[in-house]
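Worksheet: the structure to be examined is printed underneath.
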Amino acid sequence: MAVLINRQDPRFEALKKGHNVRFPGDSSQAANRLLLCASPAEAEEALTAVVGAGLRPTVRSGGHCYEDFVANNPGGAILDLSLWNRVDREGGAYRVAPGAMLGEVYGNLYKRYGMTLPAGTCYGVGAGGHISGGGYGLLSRLHGLTSDWLTGVDILTVEANGRVVARHVDRRHDVGLFRALRGAGGGSFGVITDFHFAVLPQAPREVAEASLSFPWESLTEDQFTRLLASFGEYWATRGRDPDTWGLFVIFVVGPRSPNGRLSMYAQFCQPDGTATDQSVLHEFMDRFQEFQPSQKVAGKSSAAGETRPYTVSVRPWLDATIGGGASGDSIRAKYKSAYMKQTFVAAEAQAMYRFFSGGSRAAQSSVVSIDSYGGAINRPHLAAETAVAQRSSIMKLQWQCYWHDEAEDAEHLRGMDEFFTSVYTGSHVDAARQGTPWGDRYEGCYLNYPDCDMLRYPWWPQLFHGRGDLYPFLQQTKAQYDPNNIFHHAMSVRSA
Ligand SMILES: Cc1cc2nc3c(=O)[nH]c(=O)nc-3n(C[C@H](O)[C@H](O)[C@H](O)COP(=O)(O)OP(=O)(O)OC[C@H]3O[C@@H](n4cnc5c(N)ncnc54)[C@H](O)[C@@H]3O)c2cc1C
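Written out as structure tokens, the structure is:
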């Protein structure tokens with residue numbers, strides 16, 4: 035039987051919230067109870083009881099949701115699957131339980147089988163939300179999205195008469211639902227109780243790592259614009275060649291300040307999982323000489339006489355992947371995202387330069403993380419097989435803003451909203467879709483970085499699910515498998 039935690043329980047305060055402590059908004063927004071489920075059978079029993087009582091269930095695995103989809107559930111019940119976290123192999127397929135944190139997934143798959151998933155960078159993110167929303171990370175240019183590798187999903191759905199049904203869906207059973215679960219996001223169709231993968235990519239033996247940092251304060255707007263354009267240009271051209279797919283780079287742009295630096299982190303391995311030949315990595319790093327980078331070592335620049343402003347170190351892939359530990363402290367946060375099909379235009383770079391040069395509290399608390407993308411993710415057939423429409427992008431941007439004081443919520447939220455809007459306003463964006471990453475240059479936003487500000491645009495489903503037939507398909511699937519809309523949140527799929 036699931037562990038029941040009600041409002042009187044001393045554990046309630048700690049467990050009612052997820053990683054983003056903005057939610058629940060206040061006590062009246064919080065769920066009335068939590069049900070901690072340590073097996074699919076417990077989840078089925080708990081869901082049956084919750085639905086039978088006429089309560090709204092929200093589902094939680096790792097608790098890293100960016101928006102209020104889980105923790106704001108007035109009077110309802112949170113089904114928490116974090117205790118259901120085993121990772122193993124059965125009947126020839128790998129199984130990952132939704133409550134497993136990515137760090138646990140990596141450790142288990144590596145130690146037991148020498149395999150991995152091309153999933154995200156954060157140890158504490160849960161498989162449940164991450165895999166159902168796509169899930170990408172440092173190996174995704176080489177191996178695609180995590181959900182691309184799915185061959186089966188176990189899920190609890192609720193019939194029109196309220197009966198809970200346990201299904202195993204795959205390419206032969208409930209084919210439409212299986213496709214929807216390959217990237218259309220958690221919280222729309224049911225409670226996922228297991229992910230299955232018939233095959234997985236082999237974990238690399240080692241990776242080469244290198245970092246660059248740029249003197250932010252002394253960069254002019256023109257130099258910054260050229261730096262961003264040069265970064266994007268690589269992914270739009272050379273980065274399309276398969277021999278570069280083992281290269282993944284994260285470029286972080288934050289507030290401009292005296293001694294502030296812009297940092298770029300690159301990780302590379304060959305398709306065979308070795309990093310002996312580093313020519314692709316050097317070719318990339320050497321592009322940026324004109325911007326006078328230095329090696330990113332705290333408080334220290336590269337030594338005089340070094341021919342390169344960076345060093346390359348090689349270490350075991352596992353160390354590089356789970357060395358960083360957990361997700362950092364739980365904090366108040368706001369996120370936004372954009373898929374980019376082409377390099378930056380001057381207007382985008384100028385909007386970023388001006389925002390981060392300003393002294394607003396939002397600017398001081400924010401970063402834009404620019405990730406390389408594409409490679410194996412962009413194999414065209416995947417758009418029709420899965421529920422991730424974005425298969426032409428070369429970069430993915432994530433806006434992040436962090437603060438502690440609830441009294442500053444409105445200021446930070448407004449600051450981020452205005453900043454994002456300014457980047458996507460101008461002739462580089464479709465005239466009828468101003469304020470959003472829409473047009474020839476863009477593929478909208480990432481569902482696993484949900485952003486409720488986008489709900490004010492009638493075209494928000496197309497921003498997150500693409501402009502093709504995916505969203506209508508998802509709506510039909512929703513109507514079929516969740517006819518009473520039991521599983522819903524601000525950005526869940528609406529029934530046809
Ligand atoms: C610090 C941090 C780092 C991140 N890094 C990356 C990254 O590198 N790459 C990347 O792609 N994303 C990344 N993300 C985003 C992450 O993938 C999403 O936030 C993801 O949805 C979190 O999953 P979760 O299970 O931890 O969250 P939860 O809050 O538990 O769930 C998120 C959503 O999925 C639903 N859900 C959860 N479990 C289930 C289930 N069992 N059945 C059905 N629905 C379910 C929830 O209802 C909710 O709608 C990061 C997020 C954070 C906070």
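Per my numbering, the sequence shown starts with residue 35, numbered consecutively. All C-beta atoms in this analysis are idealised placements derived from N, C-alpha and C, irrespective of residue type, glycine included. Everything numeric in this text was worked out from a predicted model, so none of it was measured.
| query | result |
| --- | --- |
| Leu-508 versus Asp-320: straight-line alpha-carbon distance, rounded | 45 Å |
| Close Cβ partners of Arg-528 (< 8 Å) along its chain, the five nearest in sequence each way excluded | Pro-495, Gln-509 and Lys-512 |
| Distance cut-off 7 Å: Gly-169 Cβ against heavy atoms of ligand 1 | yes |
| Delimiting residues of the alpha helix (DSSP H) encompassing Trp-351 | 351-356 |
| Contact set for Thr-310: own chain, Cβ-Cβ below 8 Å, skip 5 residues either direction | Gln-304 |
| Segment limits, beta strand (DSSP E) that includes Leu-69 | 67-70 |
| CB contact flag (Val-225, Phe-302, <8 Å) | no |
| As assigned by DSSP and simplified to three states, the class of Lys-50 | coil |
| Cβ neighbour criterion (16 or more within 10 Å) applied to Asp-474 | exposed |
| Reduced DSSP secondary structure (H/G/I, E/B, other) of Lys-145 | helix |
| For Met-525 and Ile-428, the rounded distance between their alpha carbons | 25 Å |
| Residues sharing a beta bridge with His-230, DSSP | Arg-129 and Gly-186 |
| Distance between Leu-179 and His-164 (C-alpha atoms, nearest Å) | 10 Å |
| Range of the contiguous alpha helix (DSSP H) that encloses Ser-371 | Ser-371 -> not in any alpha helix (DSSP H); beta strand (DSSP E) instead, spanning 366-374. |
| Check: Tyr-268 C-beta below 7 Å from any heavy atom of ligand 1 | no |
| Reduced DSSP category for Pro-495 - H, G, I as helix; E, B as strand; rest coil | helix |
| For Cys-486, three-class secondary structure by DSSP | helix |
| Best match in Thr-254, Phe-390 and Tyr-344 for proximity to Gln-398 [C-alpha to C-alpha] | Phe-390 |
| Closer than 7 Å: Ser-406 CB and nearest ligand 1 heavy atom | no |
| Pairwise C-alpha distance: Gly-162 and Pro-108 | 22 Å |
| Same chain, Cβ closer than 7 Å to Ala-385, neighbours up to 5 away in sequence not counted | Ser-456 and Val-457 |
| Coarse secondary structure for Ser-335, derived from DSSP in three states | Low per-residue confidence applies at Ser-335: pLDDT is 44, beneath 50, and the placement is therefore not dependable, though the value from the model is reported in the following sentence. Correct three-state label for Ser-335: coil. |
| Check: Leu-115 C-beta below 7 Å from any heavy atom of ligand 1 | yes |
| Ile-39 - DSSP class collapsed to helix/strand/coil | strand |
| Limits of the unbroken alpha helix (DSSP H) element including Pro-235 | Pro-235 -> no alpha helix (DSSP H), and no H or E assigned at all. |
| Check: Pro-305 C-beta below 7 Å from any heavy atom of ligand 1 | no |
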